[in-house]
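Asker:
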Amino acid sequence: MTRGTETRGADDGVTTKLWRGGELVEEGFALTDVSERLAAEDALVWVDLCDPDHERLQRLARELSLDTHAVEDAVLAHERPKATLHATHTFLTVYGTNLRDPDPEEPRRSSLEVHRVSAFVLPRGIVTVRGPAGFDMEPVQQRWQDDPELLRYGVGALVHGLLDVVVDGHFETIQQLDQLIEGLEDVLFDDRASSREVQTRTYRIRKELVELRRAVLPMREVVNAVLRHRTEANHHASELDGYFTDLYDHVLRAAEWTESLRDMVTTVFETNLSLQDARLNTVMKKLTGWAAIIAVPTAITGWFGMNVPYPGFGKVSGFVASLGVIVGLGLVLYTVFRRKDWI
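The sequence shown stops at residue 353 when you use my numbering, and every number in between is there.
(1) Which full runs of the alpha helix (DSSP H) of 4+ residues lie inside the segment 26–79, going along the chain?
(2) Using DSSP's beta-bridge definition, name the partner residues of T103.
(3) Assuming the contact rule is C-beta atoms closer than 8 angstroms, V165 and R134 should be a hit. Round their C-beta distance to whole Å, please.
(4) In three-state DSSP terms, what is S144?
(5) Here's the rule I'm using: 16 or more other beta-carbon atoms within 10 Å means buried, otherwise exposed. How should E242 be labelled?
(6) Could you name the residues of the same chain whose beta carbon sits closer than 6 angstroms to that of R119, not counting the 5 residues immediately before and after it, in chain order?
(7) So, are the CB atoms of L222 and L122 less than 8 angstroms apart?
(8) Using 8 angstroms for Cβ pairs, my map puts A93 next to V236. What's the rounded Cβ distance?
(9) Quick one: give me the first and last residue of the alpha helix (DSSP H) that G166 is part of.
(10) If you count every other CB in all the chains shown that lies within 10 Å of the CB of M147, and 16 or more means buried, which is it?
(11) Is G135 helix, strand or coil by DSSP?
(12) Could you give the distance in angstroms between the alpha-carbon of A309 and the alpha-carbon of L290?
(13) Looking at the structure shown, is L219 part of a helix, part of a strand, or coil, going by DSSP?
(14) Looking at H180: is its Cβ nearer than 8 angstroms to the Cβ of T255?
(15) Report the partner residues of E123 according to the DSSP bridge assignment.
(16) H64: buried (16+ other C-beta within 10 angstroms of its C-beta) or exposed?
(17) Give a yes or no on whether the C-beta atoms belonging to I184 and T277 are separated by under 8 angstroms.
(18) Quick one: what's got a C-beta closer than 6 angstroms to R71's C-beta in the same chain, skipping five residues either side?
(19) Just the C-alpha distance for V150 and A50, rounded to the nearest angstrom, thanks.
(20) Assuming R162 contacts G32 under a Cβ cut-off of 8 angstroms, what Cβ separation, rounded to an integer in Å, is found between them?
(21) Would you tell me roughly how many angstroms separate the C-alpha atoms of L285 and D111, rounded to the nearest one?
(22) Restricting to Cα atoms, I'd like to know which of V137, A264, V293, L86 is closest to T26.
(23) Starting from the C-beta of H125, find all residues in its chain whose C-beta is less than 6 angstroms away, skip the five residues before and the five after it, and write them out in chain order.
(24) What separation, rounded to the nearest whole angstrom, lies between the Cα atoms of T298 and V335?
(25) V85 bridges to which residues according to DSSP?
(26) To the nearest angstrom, how far is the alpha carbon of N234 from that of L198?
(27) Within a Cβ cutoff of 8 angstroms, which residues of the same chain sit near V169, ignoring the five residues on either side of it in sequence?
(28) What residue from L194, M274, L34 has the CA that sits closest to D157's CA?
(29) List the whole-angstrom C-beta distance separating V177 from N282, where the pair is believed to meet the contact cut-off of C-beta under 8 angstroms.
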């Protein structure tokens with residue numbers, strides 16, 4: 011194995027691997043040896059840079075003739091998912107997602123984590139660039155390892171494995187959000203549930219869906235562009251067509267599912283507002299009913315409290331009569347309101 015002064019390992023943010031005929035034959039070689047490995051006809055090279063410093067990335071870019079604008083996009087924040095064809099390579103930027111548990115201290119904060127990974131797709135290799143605490147490449151490596159025969163078809167197999175793991179992560183996140191929305195629907199009609207809690211959970215899920223949508227929807231363009239950018243020079247392209255077609259189908263399903271969840275959470279939000287109005291109307295009816303019942307003794311006692319003589323004035327019979335009128339009218343109103351479900 012050839013090593014130079016810049017030999018790096020995964021522990022300092024650089025991983026290098028070389029396959030021949032689908033078999034891993036070398037790993038951990040220096041960045042200065044990457045172009046030499048890529049020159050071999052039967053070589054398949056992967057270079058992973060985790061939080062690379064500017065000097066190292068620029069040196070590798072010069073060695074591999076990477077587009078300067080693509081190199082800048084690989085490290086800039088807030089780049090949208092895209093696939094761009096350049097003279098010597100195709101540049102990809104995609105986002106992996108996962109959903110952590112909500113923070114009980116800040117329940118309205120989004121629990122969605124979005125991690126970017128950029129890739130320079132060369133004729134015989136791929137260079138991935140990611141942040142310090144970002145996209146986990148272990149599942150991608152496991153995907154390549156589980157299907158070594160696919161690696162015989164060239165760099166397209168590496169690209170497919172990377173995008174497939176990203177899309178699977180999207181599906182997992184979407185499924186978790188779907189379950190959260192179903193749980194939200196269950197408590198929506200529960201009178202014991204706090205209206206503020208429902209509003210907070212709805213707001214957080216809506217925010218997470220907006221962030222997820224920015225990562226999922228552009229994947230249709232990315233995968234479609236990858237399909238277009240595969241050149242005729244890759245004689246194994248036909249063998250990978252089925253894999254990329256299946257991947258594109260998954261991307262479409264993820265996008266449609268995301269849009270469906272967006273409509274669902276909007277419906278939950280609007281339904282919650284309607285239920286609040288309905289509950290408010292119910293409370294107002296009950297208050298109105300009790301106010302009408304309370305108005306009866308107020309009116310009767312006010313009448314009998316006048317400073318003028320009236321039938322039964324100063325007698326026990328007058329008190330009994332007024333009390334009877336209060337109780338009788340109160341019971342009549344209570345019965346009527348109960349039948350109308352006002353109280």
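Don't be surprised by glycine CBs; every beta carbon is placed ideally from N, CA and C.
Answerer: Inspection of the coordinates gives the following:
(1) 44–48, 64–74
(2) The residue labelled residue 103 in the question sits at position 93 within the sequence shown. Partner(s): K92, S128.
(3) On the sequence shown, residue 165 is found 155 positions in, with the first residue counted as 1. On the sequence shown, residue 134 is found 124 positions in, with the first residue counted as 1. 6 angstroms between Cβ atoms; contact.
(4) Here residue 144 is taken as the residue at index 134 of the sequence shown, counted from 1. Per the sequence shown, residue 144 should be read as Gly rather than Ser. Correct three-state label for G144: coil.
(5) Position 232 of the sequence shown, counted from the start, is the residue given in the question as residue 242. The pLDDT assigned to E242 is 43, lower than 50, so where the model puts this residue is not dependable, and the model offers no usable value.
(6) Within the sequence shown, residue 119 is the residue found at index 109, counting from 1. Excluding sequence neighbours, R119 sits near D113.
(7) Taking the sequence shown and counting its residues from 1, one reaches residue 222 at position 212. Taking the sequence shown and counting its residues from 1, one reaches residue 122 at position 112. In this structure, L122 lies closer than 8 angstroms to L222 by Cβ.
(8) Numbered from its first residue, the sequence shown carries residue 93 at position 83. Numbered from its first residue, the sequence shown carries residue 236 at position 226. Yes, they are in contact, since the Cβ atoms of A93 and V236 sit about 6 angstroms apart, within 8 angstroms.
(9) In the sequence shown, residue 166 corresponds to position 156, counting from 1. Its alpha helix (DSSP H) spans residues 165–198.
(10) For the purposes of this step, residue 147 is taken as residue 137 along the sequence shown, with counting starting at 1. The residue is buried, with at least 16 neighbouring Cβ atoms inside 10 Å.
(11) Here residue 135 refers to the residue found at position 125 of the sequence shown. Three-state DSSP puts G135 in a strand.
(12) The count along the sequence shown starts at 1 and reaches residue 309 at position 299. The count along the sequence shown starts at 1 and reaches residue 290 at position 280. Approximately 28 angstroms, taken between the alpha carbons.
(13) By 1-based counting over the sequence shown, the position of residue 219 is 209. Helix at L219.
(14) Counting from 1 along the sequence shown, the entry for residue 180 is found at position 170. Counting from 1 along the sequence shown, the entry for residue 255 is found at position 245. Not a contact, by the Cβ cut-off of 8 angstroms.
(15) In the sequence shown, residue 123 corresponds to position 113, counting from 1. Answer by DSSP bridge pairing, in chain order: N108.
(16) Along the sequence shown, one-based indexing puts residue 64 at 54. Its Cβ having fewer than 16 others within 10 Å, H64 is exposed.
(17) By one-based count along the sequence shown, residue 184 stands at place 174. By one-based count along the sequence shown, residue 277 stands at place 267. Not closer than 8 angstroms, so no.
(18) Reading the sequence shown from its first residue, position 61 is the one you call residue 71. What sits at residue 71 in the sequence shown is Ala, not Arg. For A71, where only same-chain residues beyond five positions count, the Cβ hits under 6 angstroms are V81.
(19) As a working mapping, residue 150 is identified with position 140 in the sequence shown. As a working mapping, residue 50 is identified with position 40 in the sequence shown. Cα to Cα, the separation comes out at about 24 angstroms.
(20) The residue labelled residue 162 in the question sits at position 152 within the sequence shown. The residue labelled residue 32 in the question sits at position 22 within the sequence shown. At roughly 4 angstroms, the Cβ-Cβ gap stays under 8 angstroms, so R162 and G32 are in contact.
(21) On the sequence shown, residue 285 is found 275 positions in, with the first residue counted as 1. On the sequence shown, residue 111 is found 101 positions in, with the first residue counted as 1. Using only the alpha carbons, I get a separation of about 28 angstroms.
(22) Taking the first residue of the sequence shown as position 1, residue 26 is located at position 16. Here the closest residue by C-alpha is V137.
(23) Start at 1 with the first residue of the sequence shown, and residue 125 comes out as number 115. Excluding positions up to five away in sequence, the list reads G106, G144, F145.
(24) Position 288 of the sequence shown, counted from the start, is the residue given in the question as residue 298. Position 325 of the sequence shown, counted from the start, is the residue given in the question as residue 335. Taking the straight line joining both Cα atoms gives about 21 angstroms.
(25) Residue 85 sits at position 75 when you count from the first residue of the sequence shown. V85 is not bridged to any residue.
(26) In the sequence shown, residue 234 corresponds to position 224, counting from 1. In the sequence shown, residue 198 corresponds to position 188, counting from 1. So the two alpha carbons sit approximately 40 angstroms from each other.
(27) Sequence index remark: in the sequence shown, residue 169 carries index 159 (1-based). Taken in chain order, the residues that qualify are L102, A129, V131, I136, V236.
(28) Residue mapping note: residue 157 aligns to position 147 of the sequence shown, counting from 1. Cα-wise, what sits closest to D157 is L34.
(29) Within the sequence shown, the letter at position 167 stands for residue 177. Within the sequence shown, the letter at position 272 stands for residue 282. Their Cβ separation, rounded to whole angstroms, is 32 angstroms, which puts V177 and N282 out of contact at 8 angstroms.
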